[in-house]
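So the protein lines, in turn, are chains A and B.
The first sequence begins at 22 in the working numbering and counts up one residue at a time.
The second sequence begins at 4 in the working numbering and counts up one residue at a time.
The structure appears below as structure tokens.
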Amino acid sequence: MNWLTNTLGTSIGKKLMMAVTGLSFIGFLTLHLAGNLSIYGGPEAFNAYAEKLHSLGPVLVAAEWILLALALVHIATGLLLFVQNLSARPQRYRVNKSGGGRTIGSATMPYTGLLILLFVIFHLANFSFVDKSHTTIFDVVSRAFADPVYVAIYIAAMVVVALHVSHGFWSLFQTLGLNHPKYMPAITVVGTILSLVFGIGFGFLPIYFSFFA
Amino acid sequence: MTRTIDLTLKVWRQKTADARGGFETLHATNISTDMSFLEMLDVVNDQLTLDGKEPIAFDSDCREGICGQCGAVVNGHPHGHQKGTTLCQLHMRHFNNGDTIVIEPFRARAFKLVRDLVIDRGALDGIIQAGGYISVNAGGAPDANTIPVSQEKADLAMDAAACIGCGACVAACPNASAMLFVSAKVSHLALLPQGKPEAARRALAMVRRMDELCFGNCSNERECEAECPKEISIVNIARLNREFIKAGFFSAVR
Chain A
22 MNWLTNTLGT SIGKKLMMAV TGLSFIGFLT LHLAGNLSIY GGPEAFNAYA
72 EKLHSLGPVL VAAEWILLAL ALVHIATGLL LFVQNLSARP QRYRVNKSGG
122 GRTIGSATMP YTGLLILLFV IFHLANFSFV DKSHTTIFDV VSRAFADPVY
172 VAIYIAAMVV VALHVSHGFW SLFQTLGLNH PKYMPAITVV GTILSLVFGI
222 GFGFLPIYFS FFA
Chain B
4 MTRTIDLTLK VWRQKTADAR GGFETLHATN ISTDMSFLEM LDVVNDQLTL
54 DGKEPIAFDS DCREGICGQC GAVVNGHPHG HQKGTTLCQL HMRHFNNGDT
104 IVIEPFRARA FKLVRDLVID RGALDGIIQA GGYISVNAGG APDANTIPVS
154 QEKADLAMDA AACIGCGACV AACPNASAML FVSAKVSHLA LLPQGKPEAA
204 RRALAMVRRM DELCFGNCSN ERECEAECPK EISIVNIARL NREFIKAGFF
254 SAVR
């Protein structure tokens, strides 16, 4: 298996791991958002969705462990790339101008990534690792979003996620070598749409709770 | 009639690789707007020499944009702000009277500074030595069209082969990555039948050497493509990624 570590250990190998794990998170976010849409169906619909999800039992536990493993790979590799990239230019430029290639999303990838990590920990502590024996998930969420500070944190976090996805999506296709003159324009458009869908889709939920629910 | 302008230059001066460097403010007066950027530096150096001071050390050779020898970061842009040109092809008419111009060397851990604006780009040669060639003896010129190559492929290979190895992609990359350079060198060979037999070995060897030489990792910022004087496309980077995946996971080469 030496060839495998040799291949994955190179700069392109590390980027491939970022791309594959990143694509998995795009999939996760899509499912997560689709599930969360049940909130608009009212408390019963949302609680029923949560119950159904938990009734999957071992499948759900396996999915959670896989997500955790993917996250560890994504975070560890990302941090390694970040440190290597910083050390690749020990002396910085006095004047630093963009030639027009970078975007806010691409320039902030490591920082938005770390912010998302902090948010995920916060989010799990809020809604996942809480005692739900005498309450429902809908009540837990609506109590949290009664606090404007929580609403602000969640909306800000979703802006950060949208920025991360805005670069991450097309970038992962480029890294996987899936750059094609016919499909690349579509991939970049889908990336932008996805980042907006995630940003607005998730970001509107706390607003919905604080004003309408 | 020739227009002349006066400029303030802030130039990076550093005596040796290990010496402490810093910016020196110099005045370039009576600069003809017909001059190239390097000719402007020549004029400044003439004056410095007359004044008994050390002239600014900078690299140049062909001065027509094909050798890849010149290059500095001018006001934050490798080869200056003009798109698709090297520093020798940048003319002073693109500057205004009274402008302040900050001139810095290409900066990367893999490019050791020699003096002032001169850097050692031997690292790029090191990557080529790892596999940027064809090992078979080509022999005499073959008959035309014995090996069919489509015009599209030939065009793509030629576009990649336009890379002059100046190092601007590394200088422009926020991560000091050499991926555009390596991708151009891998692409122009991988696209043609002559390069195919060694494609897997080449892709692996060149990428590994690039990593050993402490270049950064590509994060698809696209700054290289924007600043490349030969306008090499990042489509080549995707091709390098494909070649690397093929070589790393599907070829027998270790």
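Every residue gets a Cβ at the ideal spot worked out from N, C-alpha and C, and that includes glycine.
These numbers come from a predicted model, not from an experiment.
Find the nearest neighbour of residue i within the set the options, judged by alpha-carbon distance.
{"i": "alanine 157 of chain B", "options": "B/Asp37, B/Ser35 and B/Leu194", "result": "B/Leu194"}
{"i": "cysteine 70 of chain B", "options": "B/Cys91, B/Val77 and B/Gly125", "result": "B/Cys91"}
{"i": "asparagine 178 of chain B", "options": "B/Ala111, B/Ser236 and B/Asp62", "result": "B/Ala111"}
{"i": "isoleucine 176 of chain A", "options": "A/Val210, A/Pro202, A/Gly122 and A/Tyr229", "result": "A/Tyr229"}
{"i": "asparagine 100 of chain B", "options": "B/Ala203, B/Thr36 and B/Asn140", "result": "B/Thr36"}
{"i": "valine 94 of chain A", "options": "A/Gly30, A/Leu197 and A/Ser216", "result": "A/Gly30"}
{"i": "leucine 197 of chain A", "options": "A/Leu37, A/Thr28 and A/Leu102", "result": "A/Leu37"}
{"i": "threonine 28 of chain B", "options": "B/Leu51, B/Ala206 and B/Phe40", "result": "B/Leu51"}
{"i": "proline 227 of chain A", "options": "A/Ala167, A/Phe219 and A/Lys203", "result": "A/Ala167"}
{"i": "tyrosine 114 of chain A", "options": "B/Asn78, B/Phe98 and B/Asp102", "result": "B/Asn78"}
{"i": "alanine 75 of chain B", "options": "B/Arg23, B/Ile34, B/Val173 and B/Lys56", "result": "B/Val173"}
{"i": "alanine 55 of chain A", "options": "A/Gln195, A/Gly222 and A/Val141", "result": "A/Gly222"}
{"i": "alanine 60 of chain B", "options": "B/Asn48, B/Pro145 and B/Val105", "result": "B/Asn48"}
{"i": "threonine 26 of chain A", "options": "B/Arg225, B/Asn239, B/Leu207 and B/Ile235", "result": "B/Leu207"}
{"i": "glutamine 132 of chain B", "options": "B/Lys18, B/Val238 and B/Val189", "result": "B/Val189"}
{"i": "glycine 168 of chain B", "options": "B/Glu107, B/Cys73, B/Ile8 and B/Phe26", "result": "B/Cys73"}
{"i": "alanine 109 of chain A", "options": "B/His94, B/Arg204, B/Asp214 and B/Ala250", "result": "B/Asp214"}
{"i": "phenylalanine 232 of chain A", "options": "A/Lys203, A/Pro169 and A/Leu193", "result": "A/Pro169"}
Does residue i get closer than 9 Å to chain A when you measure Cβ to Cβ?
{"i": "phenylalanine 40 of chain B", "result": "no"}
{"i": "cysteine 227 of chain B", "result": "yes"}
{"i": "glycine 259 of chain B", "result": "Since the displayed chain B opens at 4 and closes at 257, residue 259 of chain B lies outside it and no answer follows."}
{"i": "phenylalanine 98 of chain B", "result": "no"}
{"i": "proline 177 of chain B", "result": "yes"}
{"i": "isoleucine 240 of chain B", "result": "yes"}
{"i": "leucine 29 of chain B", "result": "no"}
{"i": "cysteine 166 of chain B", "result": "no"}
{"i": "glutamate 201 of chain B", "result": "no"}
{"i": "aspartate 158 of chain B", "result": "no"}
{"i": "glycine 219 of chain B", "result": "yes"}
{"i": "glutamate 67 of chain B", "result": "no"}
{"i": "glycine 79 of chain B", "result": "yes"}
{"i": "histidine 191 of chain B", "result": "no"}
{"i": "arginine 211 of chain B", "result": "yes"}
{"i": "methionine 161 of chain B", "result": "no"}
Identify the continuous beta strand (DSSP E) that holds residue i and give its terminal residues.
{"i": "aspartate 158 of chain B", "result": "Here aspartate 158 of chain B belongs to no beta strand (DSSP E); instead the alpha helix (DSSP H) covers 154-164."}
At which residues does the alpha helix (DSSP H) containing residue i begin and terminate?
{"i": "histidine 94 of chain B", "result": "From DSSP, histidine 94 of chain B is part of no alpha helix (DSSP H); its letter is neither H nor E."}
{"i": "leucine 207 of chain B", "result": "202-215"}
{"i": "threonine 196 of chain A", "result": "169-196"}
{"i": "threonine 28 of chain A", "result": "23-29"}
{"i": "alanine 179 of chain B", "result": "Careful: alanine 179 of chain B lies outside any alpha helix (DSSP H) and carries neither H nor E."}
{"i": "isoleucine 221 of chain A", "result": "205-232"}
{"i": "histidine 53 of chain A", "result": "32-57"}
{"i": "valine 242 of chain B", "result": "Here residue 242 of chain B turns out to be arginine, not valine, going by the sequence shown. Start and end: 238-248."}
{"i": "lysine 118 of chain A", "result": "Per DSSP, lysine 118 of chain A belongs to no alpha helix (DSSP H) and is neither H nor E."}
{"i": "tyrosine 70 of chain A", "result": "64-75"}
{"i": "glycine 126 of chain A", "result": "125-128"}
{"i": "isoleucine 158 of chain A", "result": "158-165"}
{"i": "serine 108 of chain A", "result": "79-108"}
{"i": "cysteine 221 of chain B", "result": "No alpha helix (DSSP H) contains cysteine 221 of chain B, which DSSP labels as neither H nor E."}
{"i": "valine 173 of chain B", "result": "171-175"}
Is there a Cβ of chain B sitting closer than 9 Å to that of residue i, yes or no?
{"i": "proline 202 of chain A", "result": "yes"}
{"i": "leucine 136 of chain A", "result": "no"}
{"i": "alanine 128 of chain A", "result": "yes"}
{"i": "lysine 118 of chain A", "result": "yes"}
{"i": "leucine 184 of chain A", "result": "no"}
{"i": "proline 111 of chain A", "result": "yes"}
{"i": "threonine 28 of chain A", "result": "yes"}
{"i": "threonine 31 of chain A", "result": "yes"}
{"i": "histidine 95 of chain A", "result": "no"}
{"i": "arginine 164 of chain A", "result": "no"}
{"i": "glycine 121 of chain A", "result": "yes"}
{"i": "asparagine 23 of chain A", "result": "yes"}
{"i": "leucine 226 of chain A", "result": "no"}
{"i": "serine 216 of chain A", "result": "no"}
{"i": "histidine 188 of chain A", "result": "yes"}
{"i": "threonine 196 of chain A", "result": "yes"}
{"i": "serine 45 of chain A", "result": "no"}
Handout entry: Inter-stretch contact (C-beta, 8 Å, three-pair minimum) for the segment 6-21 of chain B and the segment 108-126 of chain B
Key = yes
Handout entry: 4 or more residues per run - each alpha helix (DSSP H) lying fully within the segment 15-58 of chain B
Key = 40-53
Exercise for the section: Let me know the beta strand (DSSP E) ranges lying completely inside the segment 64-152 of chain B, each 3 residues or longer, listed in chain order. Expected result: 103-107, 115-118 and 121-123
Exercise for the section: For the segment 76-91 of chain B and the segment 213-233 of chain B, state whether three or more C-beta atom pairs, one from each stretch, are separated by less than 8 Å. Expected result: yes
Practice task
Evaluate the contact criterion for the segment 135-148 of chain B versus the segment 236-247 of chain B: three or more CB pairs, one atom per stretch, below 8 Å.
Solution key: no
Practice task
Could you tell me whether the segment 209-227 of chain A touches the segment 180-199 of chain A, using the rule of 3 or more Cβ pairs below 8 Å?
Solution key: yes
Practice task
Give a yes or no on contact between the segment 123-130 of chain B and the segment 180-191 of chain B, applying the rule of three or more CB pairs nearer than 8 Å.
Solution key: yes
Handout entry: Touch test, the segment 149-158 of chain A against the segment 122-129 of chain A, Cβ-Cβ under 8 Å, three pairs minimum
Key = no
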